[in-house]
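Here's the structure, in structure tokens; my notes come after.
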Ligand code: HEC
Ligand code: HEC
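In mature numbering (1 follows the signal peptide of the UniProt record, and there is no 0), the protein residues as written are -27 to -1, 1 to 316.
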């Protein structure tokens, strides 16, 4: 964003320069805009590159940084960068990046120290961005690096030493080597999209519209979902009228309880990715052997596991299958559907 802004400021300057030599008359007639002054451009032109280019003159020490940090930053980020309440953690977290819930901090995650200087100068303190002097930012940056055990306490940070700091996770950033990432655009004899087979989708995430009719995937399931929706509606209306509904043409669905029928769309949209095939060690729907021991625990336990998440012998069931937007009731209905379809 800042880069393009810089460009447009430069364009303005350039435009103005041209206007002066050529079409001055017109510019004056319109009487709008003003040439950005060198000072104005400098005010925006504050990005800093990993090699330190763009750093202002100055230096800062861990020692002075400590006092400034305590004054301006610790109320939110904690005295030691541990983060107060839900404010971001700035230190620690090393070796957590491969965990399910990594602690991403300046020390554990950020690839370049230059970003730290840039970020603090640009955006912090949260309530008063750009209020610190360049010198103060040097002190505080040094201190945050110290909190992360990246520099010693006698370290002095300046525009030369900053670029020499190697951040612990620098090598964690690399160009994705997987071959399909470097796909070149196909210009002729391309694969027919109709022949492409999508093996798994997430409702609300995978775009619809590329699906092969009848394929064992999404379209199938998105449409099935609508079908279920209309069936559910029929059942609902019929129950108001006091009628029994045999869900015409839906043999399997007809055998399900109302609750299970109501749960099918949720299952299709949120649970099938794993439970449709047994992915990541999940009990596959329809596989009675996999479900029997679980069913013995009783519905309440299973529903509890599905809502709160559960880490058992075969894998990890994420809370609500990762779809925290679902209500407890929807999850309960989905479990009913899964269980009744697996007996
Ligand atoms: C009022 C609370 C508050 C104060 C005070 C504050 N910050 Fe922040 N800080 C935040 C919030 C909120 C974010 C996350 C902003 C975002 O993600 O858009 C943040 C993000 C950061 C980050 C990036 C963290 C990351 O890993 O993404 C750094 C570094 C940081 N602050 C440093 C500082 C420093 C240094 C100071 C003192 C000069 C400071 N902050 C003062 C609230 C605060
Ligand atoms: C990312 C994959 C994944 C998704 C998505 C997922 N599950 Fe699971 N689920 C699992 C795994 C793995 C297990 C087995 C955990 C174990 O027993 O080790 C499991 C187990 C279960 C169990 C059995 C719990 C028990 O007590 O034995 C239920 C019930 C369940 N899931 C319901 C759901 C529902 C409902 C949804 C959708 C809202 C859902 N799951 C979505 C992976 C998933």
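C-beta atoms are modelled at their ideal positions from N, C-alpha and C, and glycine is treated no differently.
- In this structure residue 67 touches residue 141 by the C-beta definition: roughly 6 Å separates them, less than 8 Å.
- Straight-line spacing of the CA atoms in residue 118 and residue 161 works out to 52 Å.
- Comparing alpha carbon positions, the residue from 93, 74, 78 closest to residue 20 is 93.
- Of the heavy atoms belonging to ligand 2, at least one sits nearer than 7 Å to the Cβ of residue 253.
- The C-alpha of residue 236 lies about 29 Å from the C-alpha of residue 74.
- Short note on residue 128: C-beta not closer than 7 Å to any heavy atom of ligand 1.
- Between residue 113 and the set 72, 155, 242, 52, the nearest pair of CA atoms involves 52.
- Separation of residue 266 and residue 311 (C-alpha to C-alpha, rounded to the nearest whole angstrom) is 14 Å.
- Secondary structure of residue 275 (DSSP, three-state): helix.
- With respect to the 8 Å criterion, residue 280 and residue 298 are not classified as neighbours on the basis of their beta carbons.
- Residue 206 and residue 120 have their C-alpha atoms some 59 Å from each other.
- 8 Å or more divides the Cβ of residue 50 from the Cβ of residue 39.
- In this model, residue 285 and residue 98 are separated by some 44 Å (Cα to Cα).
- Residue 45 carries a helical assignment under DSSP once its states are collapsed to helix, strand and coil.
- Secondary structure at residue 212: helix, using DSSP grouped into helix, strand and coil.
- Rounded to whole angstroms, residue 303 and residue 155 show a C-alpha spacing of 40 Å.
- Around residue 291, the same chain offers 282 as residues with beta carbons nearer than 6 Å, after the five sequence neighbours per side are excluded.
- Counted as a single uninterrupted DSSP element, the alpha helix (DSSP H) harbouring residue 303 occupies residues 301 to 313.
- For the beta strand (DSSP E) assignment, the uninterrupted runs of no fewer than 3 residues enclosed by the stretch 8 to 53 are, from N- to C-terminal side, 32 to 34.
- The shortest C-alpha to C-alpha distance from residue 238 to any of 315, 305, 215 is the one to 305.
- Note on geometry: alpha-carbon atoms of residue 276 and residue 307 lie some 9 Å from one another.
- By the 16-neighbour rule on beta-carbons within 10 angstroms, residue 5 is exposed.
- Nearest neighbour of residue 25 by Cα position, chosen from 314, 253, 136, turns out to be 136.
- With respect to the C-alpha of residue 128, the residue from 268, 262, 164, 34 having the closest C-alpha is 34.
- The C-alpha of residue 123 is placed about 20 Å away from the C-alpha of residue 28.
- It is roughly 35 Å from the alpha-carbon of residue 64 to the alpha-carbon of residue 247.
- Listed in chain order, the non-local C-beta contacts of residue 108 below 8 Å within the same chain comprise 31, 32, 33, local neighbours out to five positions each way being set aside.
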